[in-house]
Amino acid sequence: MTTTGASRAILKDIDTFVGSSGDEDDKIDALNQILLAVHGKKESFTQLIADLGDYLTNTDDLLRARGTLLLSEVLSRLPELQLNGDSIMYLCKFFTARLSDYPSVPEVLKGVIALMKYHNLSDTVVQELLRNLFNEVNVQSLSQTNRKVAFELLTLSLNRYQTATQELKSDFVFGFIQAMDGEKDPRNLLIVFRLVPIIINLFPDYTRFSEELFEVVSCYFPITFKPKSNDPAAISREDLITSLRNAMTSSPAFASFCLPFLLDKLSSDLKETKLDSLVTLSVAAGAFGNASEPFLEQVWSGLRLEYTGKGVVDGVKNAVDRVVVEFSQNLDGQPLAKWVNLIAGETMQLVKDGADPELDSEFVRILTENVASASKKSCCLVVDVVLPPLVDSNSSEISSGLLVKLLAVCAEQFTGSDENPMKQYTEKVTSLLMDRLSSNDTSAVDGLCSILESSLVSVEEEEKAVRTLSNLLLSSHRGNRDYFLTSLGRLSKRKPKLFNDIVLPSLFDSIQKDETKRGEVYQMLPSLCLHDDVIIRVVPRLMESLRQQFGRSEEDPTLGRTLYSIALTNAKSPTVCNLFVDTVVVDILDLLVERSLKQSDAVKSSFLQPFLSLLKVLLHNVGDEEKAKLVDVLIGKITDESRNFKAFSSSATASQVQLTLFSSLAVIYSSQSSGKMEEQHFLEKLREISVKNNDNIDERVVDVPEDDIRSRANQSIATIINRAEPSVTRNFVEMSVSECWAGGVLQERKRAVRCLGWIVKALLMRGEAQGDEIVDSIIQHLDDDEIQEELITCFQIMMREDEDILSKARGTRTRVLYRQKFFFRVLPLLLSNYNALPDQTKSTRISAIYNVTQELPQSVVASQVKTLIPVMTSSLDGGVPSIMQCTMGMFIEFFRSENTRSHLKENSAELIEKFLRVATADSRMLNRVTALRCLASVADHGDKEEVLKKKQRVVQGLVKLLDDHKRLVRKEAVKTRGVWINVN
Numbered sequence: 001m002t003t004t005g006a007s008r009a010i011l012k013d014i015d016t017f018v019g020s021s022g023d024e025d026d027k028i029d030a031l032n033q034i035l036l037a038v039h040g041k042k043e044s045f046t047q048l049i050a051d052l053g054d055y056l057t058n059t060d061d062l063l064r065a066r067g068t069l070l071l072s073e074v075l076s077r078l079p080e081l082q083l084n085g086d087s088i089m090y091l092c093k094f095f096t097a098r099l100s101d102y103p104s105v106p107e108v109l110k111g112v113i114a115l116m117k118y119h120n121l122s123d124t125v126v127q128e129l130l131r132n133l134f135n136e137v138n139v140q141s142l143s144q145t146n147r148k149v150a151f152e153l154l155t156l157s158l159n160r161y162q163t164a165t166q167e168l169k170s171d172f173v174f175g176f177i178q179a180m181d182g183e184k185d186p187r188n189l190l191i192v193f194r195l196v197p198i199i200i201n202l203f204p205d206y207t208r209f210s211e212e213l214f215e216v217v218s219c220y221f222p223i224t225f226k227p228k229s230n231d232p233a234a235i236s237r238e239d240l241i242t243s244l245r246n247a248m249t250s251s252p253a254f255a256s257f258c259l260p261f262l263l264d265k266l267s268s269d270l271k272e273t274k275l276d277s278l279v280t281l282s283v284a285a286g287a288f289g290n291a292s293e294p295f296l297e298q299v300w301s302g303l304r305l306e307y308t309g310k311g312v313v314d315g316v317k318n319a320v321d322r323v324v325v326e327f328s329q330n331l332d333g334q335p336l337a338k339w340v341n342l343i344a345g346e347t348m349q350l351v352k353d354g355a356d357p358e359l360d361s362e363f364v365r366i367l368t369e370n371v372a373s374a375s376k377k378s379c380c381l382v383v384d385v386v387l388p389p390l391v392d393s394n395s396s397e398i399s400s401g402l403l404v405k406l407l408a409v410c411a412e413q414f415t416g417s418d419e420n421p422m423k424q425y426t427e428k429v430t431s432l433l434m435d436r437l438s439s440n441d442t443s444a445v446d447g448l449c450s451i452l453e454s455s456l457v458s459v460e461e462e463e464k465a466v467r468t469l470s471n472l473l474l475s476s477h478r479g480n481r482d483y484f485l486t487s488l489g490r491l492s493k494r495k496p497k498l499f500n501d502i503v504l505p506s507l508f509d510s511i512q513k514d515e516t517k518r519g520e521v522y523q524m525l526p527s528l529c530l531h532d533d534v535i536i537r538v539v540p541r542l543m544e545s546l547r548q549q550f551g552r553s554e555e556d557p558t559l560g561r562t563l564y565s566i567a568l569t570n571a572k573s574p575t576v577c578n579l580f581v582d583t584v585v586v587d588i589l590d591l592l593v594e595r596s597l598k599q600s601d602a603v604k605s606s607f608l609q610p611f612l613s614l615l616k617v618l619l620h621n622v623g624d625e626e627k628a629k630l631v632d633v634l635i636g637k638i639t640d641e642s643r644n645f646k647a648f649s650s651s652a653t654a655s656q657v658q659l660t661l662f663s664s665l666a667v668i669y670s671s672q673s674s675g676k677m678e679e680q681h682f683l684e685k686l687r688e689i690s691v692k693n694n695d696n697i698d699e700r701v702v703d704v705p706e707d708d709i710r711s712r713a714n715q716s717i718a719t720i721i722n723r724a725e726p727s728v729t730r731n732f733v734e735m736s737v738s739e740c741w742a743g744g745v746l747q748e749r750k751r752a753v754r755c756l757g758w759i760v761k762a763l764l765m766r767g768e769a770q771g772d773e774i775v776d777s778i779i780q781h782l783d784d785d786e787i788q789e790e791l792i793t794c795f796q797i798m799m800r801e802d803e804d805i806l807s808k809a810r811g812t813r814t815r816v817l818y819r820q821k822f823f824f825r826v827l828p829l830l831l832s833n834y835n836a837l838p839d840q841t842k843s844t845r846i847s848a849i850y851n852v853t854q855e856l857p858q859s860v861v862a863s864q865v866k867t868l869i870p871v872m873t874s875s876l877d878g879g880v881p882s883i884m885q886c887t888m889g890m891f892i893e894f895f896r897s898e899n900t901r902s903h904l905k906e907n908s909a910e911l912i913e914k915f916l917r918v919a920t921a922d923s924r925m926l927n928r929v930t931a932l933r934c935l936a937s938v939a940d941h942g943d944k945e946e947v948l949k950k951k952q953r954v955v956q957g958l959v960k961l962l963d964d965h966k967r968l969v970r971k972e973a974v975k976t977r978g979v980w981i982n983v984n
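Under full-length UniProt numbering, the first residue of the sequence shown carries the number 1, and numbering increases by one thereafter.
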């Protein structure tokens, strides 16, 4: 081929790219050279067209298509290519004509998109391109990729050339229908589904083909497509469903096709199809609005079947509810009235007949919760249909139930409004409900409260109703009391003044008239005190009663529980919390202090517990400033010895020692330090409680709430040390360490070690080097027979996590991953020269390791399992019970965890033999039971090949344990042997 003016290099590249010979890499290289030449202006685009010459008109389909593709590639890959008007017009005419050339259509589509995207085409040219696309190209005969390009071209024309495209009117709509009809690929369907609402919005003439358009879209319902799990570029099923749903409901003109179609699909036995139909119906209700009117009876009939059908699934029922709500919200005028009458009429008939109470209740729920609650308009219509016959009905209690629910809906819909449709019926409704109350119709209570909340009645009627409710509360039996409590609690929230003026005096008067009512009234108050103004009135009365109770030396916990419950229920109210801080907690502590000065015996735990719980609630919820003040006041009162109140002294009475719990809890549950907290003498007092012998703690103070007094003191010490600067507490810490190793009274020394465990925990959490030094000292003293058990417990204290104590929520200073760092530091120290140690020392070290690993994530322990296995395996041969117990406990935990079990598999054979020997030969029952559990763990998680090899030996070896003289051993043997028998 020869072309005048073209360089031989370009001609060669054109021949290489267009020609049928040559491999793909050569063609890509040739295309890149052509692009560089055109981009560098060594070859003009006009010249390129000329150089292509006969390729564009060649009778060979492949060469003609490749020539066209070269033009399209240049246009696509060089978006900034400058083309003059003549070149653009030439290309448009060329591509328009070439759309009728089937072999070149894919290449033409690519070129047309590039022209439309990167160059400005005239409206006439765009219209001509689109007409030829619709007239000459059978889109569905193209490959998936090329069909996608065709749909992207339509999308581009609607976005970039909207005016030109709109002028095609119904021709575009018809062409689109033809193009998408029969499309099967989900990727292409997603595009066309999303185009439907756009086309409907831009082309009013679509109504000429509305049925055809709906038909080609709805045939894909329901979507059954499932994307490939291994395809990261796959579209989601949810996107496809949503886009189809929006397409099917994109125009009110679709109502006459869509609603019957969906109702037909609703009859499907497949739950997925049924749910999809219901969700689409709910979308249709919002989209079609009043256009749905001719089909409302059919819609309600279909929905009714779903409500009344057998075995209705909850998901389906919820979806049906949503449909009813959507129609109730989106209909208006006469269609809404028709819809309400359909449902209300059937509900009223069911209620009147009373043949099926369960069905009656369901339809009452539908009418009130789904229809009346949907909008103010629907609510008014329901009231107008239901109220006239209902207020005259005395047939059954369900009538009252419907009335009550409707009252509640009206109260919610018309809060603070004079437009409440119930207004005209108030007198009759109130009278009816009062009559029902006298007949013990508990559902009437809610209705009466709804009327009171809506302010529909006069002041006189309001007061009369509240008095009636209050009297019924006091006279009701326990079965009905909850109804009155709930309703009057609502009244307390909405009408606090009315509640304070009528209900509270009635309650407290009832106590004066009949002292036996006191407990009942106190138990009611937490359910009734739901407004700040009410609580401000109630709390002083309760505190006065509490003072009288202390004066009579009574320890009835009811009043304390009431105060605690009121605070807990209203803990989010700053007003309530501050009220309790200012007038309750401190007063209660003063009363307890006065009592302790008069009576030495301990306060009953059940009496003290509510006050301690109340303190915790307040420390959780008051602001930092109020919290610090409260803590300082409590500590100040507990440490004040001016009145011979010496709670921290070793000579303190039981009742005085108990009160240290207030200061301990104040420290533990506060979120920051306070001045009193960090005073050296307070720490020393806490330590005296923790360590020193005191018969009032160890003998006479029993059943202390939540934990013993000494533990709370230890936790307080740890909290203070963790928050305080090291310089403040260093001397105290050093003194605590030295007293542990100095000897002395054995019991006090043991307690000092426990206290030290908490001190070290506080230091380790904040990353203090002093903590590491003390841990080293603890390890060195592990062979001290007197305090070994306490030293082992220290490791458990150091590692244990507690969301309530020493946590970030409490303002604890915590180094990231402190427990993991502690583990990696202390494990080598505990294992150092392990095999050469005496058995007793080995026992303490393996126990310490056990305590450390129990409190760590197994993923952390996994990295050290290979280090531990030799030590643990050898420990099974020593015969020391405590060592064997800890070791086997660790093996069980390691086998249970996926992170650690893989490290044990290679030792399966050895472990099976050792566990079998312990299980069958050890004289101690607990060791035999634990070894059997280890054997079961190996069977489940050990190396399967080794387990199968040992199967027969283990099954036979366990036979004699089936007759063991200990029942627990026999029981575990049966279980473990069964596990091994089933190994396959």
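Using N, Cα and C, we set each Cβ at its ideal position, and we do this for glycine too. No experiment lies behind these values; they were computed from the predicted model shown.
With respect to residue 244, residue 220 sits close: the two C-beta atoms are nearer than 8 Å. Taking every protein chain shown into account, the CB of residue 97 has fewer than 16 other CB atoms within 10 angstroms, so this residue is exposed. Between residue 693 and residue 747 the beta-carbon gap is near 6 Å, inside 8 Å, which marks them as a contact. A Cβ-Cβ contact shorter than 8 Å links residue 283 with residue 249. Of the candidates 420, 292, 794, 622, 420 places its Cα closest to the Cα of residue 380. For the 8 Å CB-CB criterion, residue 851 and residue 796 form a contact.
Taken through DSSP and simplified to helix, strand or coil, residue 564 comes out as helix.
Around the Cβ of residue 735, a 10 Å sphere holds fewer than 16 other Cβ atoms; the residue is exposed. By the Cβ neighbour-count rule, residue 681 is exposed, with fewer than 16 other Cβ atoms within 10 Å of its own.
Counting along the chain, residue 239 sits inside the alpha helix (DSSP H) bounded by residues 237-248. Of 648, 627, 636, the smallest CA-CA separation from residue 668 is found for 627. In this structure, residue 534 places its C-beta atom within 8 Å of the C-beta atom of residue 500.
Residue 792 has its alpha-carbon roughly 12 Å from the corresponding atom of residue 785. For residue 117 against residue 156, the beta-carbon gap comes to about 6 Å, under 8 Å, which counts as contact.
Nearest to residue 195 by C-alpha distance, out of 390, 595, 180, is 180. A contact is defined here as three or more CB-CB pairs under 8 Å, and the region 839-850 fails this definition with respect to the region 652-666. Nearest Cα to residue 148 within the set 105, 481, 173, 122: 105. Between residue 55 and residue 62, the alpha-carbon positions lie close to 10 Å from each other. Taken in chain order, the unbroken stretches of alpha helix (DSSP H) that lie wholly in the region 41-97 and span 4 residues or more are 45-52, 61-77.
If you draw a straight line from the Cα of residue 257 to the Cα of residue 286, it comes to about 16 Å. DSSP places residue 714 in the uninterrupted alpha helix (DSSP H) bounded by 709-723.
Approximately 6 Å separates the beta-carbon atoms of residue 799 and residue 819; this is inside 8 Å, confirming the contact. Note on geometry: alpha-carbon atoms of residue 882 and residue 856 lie some 21 Å from one another. DSSP places residue 438 inside the alpha helix (DSSP H), whose first and last residues are 426-438. About 7 Å separates the beta carbon of residue 867 from that of residue 831, a gap short enough to meet the 8 Å contact definition. If you check the CB distance, residue 621 and residue 571 come in under 8 Å. DSSP, read as helix, strand or coil, puts residue 302 in helix. The three-state reading of DSSP puts residue 185 in coil, since its state is none of H, G, I, E or B. Segment contact: the region 914-926 against the region 951-969, three or more CB-CB distances shorter than 8 Å; contact assigned. When the Cα atoms are used, residue 29 and residue 87 turn out to be separated by approximately 26 Å. Every alpha helix (DSSP H) of 4 residues or more that sits fully in the region 506-533 is shown, in chain order, as 518-528.
The three-state secondary structure of residue 223, taken from DSSP, is coil. For residue 967, the enclosing alpha helix (DSSP H) has its first and last residue at 967-981.
Counting every other CB atom within 10 Å of its CB across the protein chains shown gives residue 642 a total below 16, marking it as exposed. For a cut-off of 8 Å, the C-beta gap from residue 161 to residue 126 is around 5 Å, short enough to register as a contact.
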